Amino acid sequence: MRSVAVLGATGSIGTQALEIVGSHPELTACALAAHSDHAGLVAAARRHGVRRIALVDPAAAAAARRDFDGEVVEGAGGVERLVGECGADVVLNAIVGAAGLRATLATFAAGADLALANKESLVAGGALVMDGLRAGGGRMLPVDSEHSALSQCLAGAAEDAVTGLVITASGGPFRGRSAEALADVTVADALAHPTWSMGAKITVDSATLMNKGLEVIEAHHLFGIAYADIEVVVHPQSIVHGMVRFRDGALLAHVGHPDMRVPISWALTYPQRSATAVPSLDLTRPLQLEFEPPDTDTFRCLALARQAGIAGGTAPCVLNAANEAAVGAFLAGAVGFTDIADLVERALERVPAEPLTSLEQLLEADGRARTAVTDAVRTAA
Ligand code: NAD
Ligand code: MG
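Using this note's numbering, read the sequence shown as starting at 10 and increasing by one per residue.
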């Protein structure tokens, strides 16, 4: 039996994870956390027999206490407390944004395994997160589909046999468009992803290709591979999730339907690979797989992320925080789609990279990046 704490339990990944937990007899949910959807969280807790929940928003926590007789903790610190006290074997971090960084570190401190969907914590935390992983003694299993695929292709490989990683990108809803054609796309256009159904923030990141940029940084830390050896390739069908190049000329690919339940289940039941409801690909039906290089002149966020990754230190944290603020402004209708890259670029100029020293320094850089974006949005309005 493996006990699982699900953070971000009311979101896209969180609800799919609970579906997996409910369908695997060897998994049991022991704690759930969310930001403010108290009705959704309490309903999920009842469904899965969970007695401990955390809500970041105190008003939501108060509302949950009125109709839930288990333990309800509150505030951002409440999520960390929940992780520290619940005794989970594995913590699934499916919080959105750098808000998940403390929960990632709390998971290591508790000595639990981390199933990581919250890529932003690894992007922002970088070496700090990897140090925490080593000190904690647990495992970090990626839930991001590309990194799950790469992990599986890398299994058992001699380190010096690997010459490169290939991360696939669907290209998002605006693949093939020019920069001019992107200037007036709407929020609804950006939220219409062709192959994946996900939360709003990552859907916009997929449309700007910032998501791939974050994933390049995520792969660099997870697998210890140099940026020069991590390629991004646009693959509109989203059937090949990741590939590894080997020095003998082999290119190993992980292939399957685009369905997050597969990587979620892999991370939660590793190394057993329990059965899921997702069928294997039917190869008797026509299947076309296309690959093309990304257009980084139009989708500048991918290039900005790679530059920030190479700069290292606090730069990826600044990139990520500025992106969160810029995407928030876009979703609120305050800025246009192509402003996102401009805002991130300006924040990287305003908050110069420093070598990484502490969590406090990262949180400060994160705050300065967000302020740089809100100042720029206010000045432009
Ligand atoms: P979502 O918006 O659907 O859900 C986010 C969840 O996080 C919600 O439960 C929300 O209550 C919770 N949350 C928000 N702010 C919080 C905070 N400050 N503290 C605690 N909880 C908070 O997002 P999603 O699409 O499920 O994505 C979650 C994470 O997984 C992101 O990091 C995303 O990049 C990653 N991811 C998602 C997918 C996908 O298919 N959705 C795929 C790969 C990676
Ligand atoms: Mg991904």
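A virtual CB, placed ideally from N, CA and C, is assigned to each residue, including glycine.
Quick caveat, the model's predicted, so the values are computed rather than measured.
Item: Helix, strand or coil for M219? Go by DSSP, reduced to three states.; Value: helix
Item: For N102, which three-state DSSP category applies?; Value: strand
Item: Closer than 8 Å: is that where the CB of H202 sits relative to any heavy atom of the ligand MG?; Value: no
Item: What I want to know is whether the C-beta of G222 ends up closer than 8 Å to one or more non-hydrogen atoms of the ligand NAD.; Value: no
Item: Go ahead and pull the three-state DSSP assignment for L27.; Value: helix
Item: Would you mind stating whether A378 and A330 have Cβ atoms separated by less than 9 Å?; Value: yes
Item: For I319, report the span of its alpha helix (DSSP H) as first-last.; Value: 309 to 320
Item: The alpha helix (DSSP H) spanning F339 covers which residue range?; Value: 324 to 340
Item: Could you pull out every residue in the same chain whose Cβ sits closer than 6 Å to the Cβ of V1, ignoring the five residues on either side in sequence?; Value: Within the shown structure, residues of the chain are numbered from 10 to 390, placing residue 1 beyond reach of any answer.
Item: Any idea what DSSP makes of A63, helix, strand or coil?; Value: strand
Item: Pick from A48, L150, R56: whose alpha carbon is nearest that of P272?; Value: L150
Item: DSSP state of S289, grouped into three classes?; Value: coil
Item: At a threshold of 8 Å, does E155 count as lining the ligand MG (C-beta to nearest heavy atom)?; Value: yes
Item: Should V396 be labelled buried (16 or more other beta-carbon atoms within 10 Å of its own) or exposed?; Value: As displayed, the chain neither begins before 10 nor continues past 390, which places residue 396 out of reach and without an answer.
Item: Tell me whether L260 counts as near the ligand NAD, meaning its Cβ is closer than 8 Å to at least one heavy atom of that ligand.; Value: no
Item: For A63, which option in R55, G17, L101 has the closest C-alpha, if you only look at C-alpha atoms?; Value: G17
Item: Contact between the stretch 123 to 134 and the stretch 34 to 42: three or more CB pairs below 8 Å?; Value: no
Item: Within 10 Å of its beta-carbon, does V287 have 16 or more other beta-carbons around it, so buried, or fewer, so exposed?; Value: exposed
Item: When the Cβ atoms of the stretch 96 to 106 are set against those of the stretch 66 to 77, are three or more pairs found closer than 8 Å?; Value: no
Item: Below 8 Å on the Cβ atoms is my guess for D46 versus T24; work out the distance and round it to an integer in Å.; Value: The pair is not a contact, with the Cβ atoms about 11 Å apart (cut-off 8 Å).
Item: Hey, how far is the Cα of G86 from the Cα of D351?; Value: 33 Å
Item: Buried or exposed for R309, please, with buried defined as at least 16 other CB atoms from any protein chain shown within 10 angstroms of its CB.; Value: buried
Item: Let me know if E333 comes out buried or exposed under the rule of 16 or more other beta-carbons within 10 Å of its beta-carbon.; Value: buried
Item: So E224 packs on D153, CB below 8 Å; how close in whole Å?; Value: 6 Å
Item: Compare the Cα-Cα distances from R270 to each of A71, S283, A235 and report the closest residue.; Value: S283
Item: What did DSSP end up calling I211 once you bin it into helix, strand or coil?; Value: helix
Item: So F255 and T172 are in contact, right, with Cβ under 8 Å, and what is the actual spacing, rounded?; Value: 6 Å
Item: Cβ of T19 versus every heavy atom of the ligand NAD: is any distance shorter than 8 Å?; Value: yes
Item: Keeping to the same chain, check which residues put their C-beta closer than 6 Å to that of A54; ignore five residues upstream and five downstream.; Value: L41, I62
Item: To the nearest angstrom, how far is the alpha carbon of V88 from that of Q297?; Value: 44 Å
Item: Mind reading off the beta-carbon distance from A390 to A343? Whole number of angstroms is fine, and I expect it under 8 Å.; Value: 7 Å
Item: Please list, in chain order, all residues of the same chain as R355 whose beta carbon is under 7 Å from its beta carbon, the five residues on each side excluded.; Value: A381, A385
Item: Using a Cβ-based criterion (distance less than 8 Å to any ligand heavy atom), does H263 qualify as near the ligand NAD?; Value: no
Item: Apply the 10 Å Cβ neighbour rule to R441 and answer buried if 16 or more other Cβ atoms are within range, or exposed otherwise.; Value: No information on residue 441 is available, as it lies outside the stretch 10 to 390 that the chain covers here.
Item: Comparing C-alpha positions only, which one of G345, G58, S32, M10 sits nearest to A190?; Value: G345
Item: Report the CB separation of I226 from V132 in whole angstroms; it is logged as a contact under 8 Å.; Value: 5 Å
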